[in-house]
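In our numbering, the protein residues as written are 1 to 179. Glycine residues also receive a C-beta, built at the ideal position from the N, C-alpha and C atoms. Below is one structure, written out as structure tokens; comments come after it.
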Ligand code: S3P
């Protein structure tokens with residue numbers, strides 16, 4: 001008997017990468033898109049282009065809510081695309097409106113890494129306003145704890161520290177093709 005859920009997945013022409021900041025979405029996304037002959041787009045980049053500002057400036061000058069509204073509009077456009085790999089901002093899953101769009105329209109792949117690894121990847125990078133604080137590692141742990149339930153709600157998940165980017169791509173590709 002055919003698995004109805006799998007058939008739905010086979011229909012999904014958009015693959016969305018979710019996961020905490022610095023879990024490898026913008027490294028794996030373009031590689032995966034290339035492998036599949038798909039386009040690559042990124043909700044953060046769409047927001048920056050739409051607003052003509054960098055994310056850190058949007059947070060500082062307009063506030064996080066403005067960013068979240070623009071992020072939702074970007075996601076609405078992005079999930080309608082066919083043959084597309086979409087990288088999403090780490091906080092996109094915090095909102096039910098975004099979780100619904102993702103679940104309905106995309107094959108959702110969750111990328112993960114340990115807090116220490118994430119910290120190592122972001123510590124010299126000041127583009128992430130939510131990690132500008134006294135103790136970024138503690139903040140990463142707290143945010144991960146709050147968000148984990150949403151990152152776990154996906155069609156496929158993979159650790160980007162256990163596997164190389166190329167191996168991650170292969171595994172994601174296999175899971176996507178199987179549906
Ligand atoms: C955020 C993650 C960032 C960016 C913004 C907020 C978050 O994207 O959308 O700084 O809430 O986790 P990346 O996950 O691509 O760093």
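> What three-state label does DSSP hand residue 39 in the structure shown?
Replying inline: strand
> What is the residue span of the alpha helix (DSSP H) that residue 14 lies within?
Replying inline: First-last for residue 14: 14–18, but that is the beta strand (DSSP E), not the alpha helix (DSSP H).
> With 7 Å set as the bound, which would you pick, yes or no: does the beta-carbon of residue 62 sit closer than that to a beta-carbon of chain E?
Replying inline: In the structure shown, chain E does not exist; there is a single protein chain.
>> For the segment 103–111 against the segment 53–69, do three or more pairs of beta-carbon atoms, one drawn from each stretch, fall closer than 8 Å, so that the two count as touching?
In response: no
>> Counting C-beta neighbours from all protein chains within 10 Å, is the total for residue 133 16 or more, i.e. buried, or is it exposed?
In response: exposed
>> Using 7 Å as the threshold, is the C-beta distance between residue 79 and residue 29 below it?
In response: No; because the gap between Cβ atoms is not below 7 Å, this pair is not in contact.
>> Rounded to whole angstroms, what is the Cα-Cα separation between residue 17 and residue 109?
In response: 5 Å
> Who are the near neighbours of residue 46 in its chain, counting only those whose CB is closer than 6 Å to its CB and skipping five residues on each side?
Replying inline: 74
>> Can you find the residues in the same chain that come closer than 7 Å, C-beta to C-beta, to residue 128, ignoring five residues on each side of it along the sequence?
In response: Exclusion of the five residues before and after residue 128 leaves 21 and 122 as the residues of its chain whose Cβ lies within less than 7 Å of its Cβ.
> Quick one: Cα of residue 72 to Cα of residue 164, how far?
Replying inline: A direct Cα-Cα distance of roughly 30 Å separates residue 72 from residue 164.
> According to the Cβ coordinates, are residue 112 and residue 27 closer than 7 Å?
Replying inline: no
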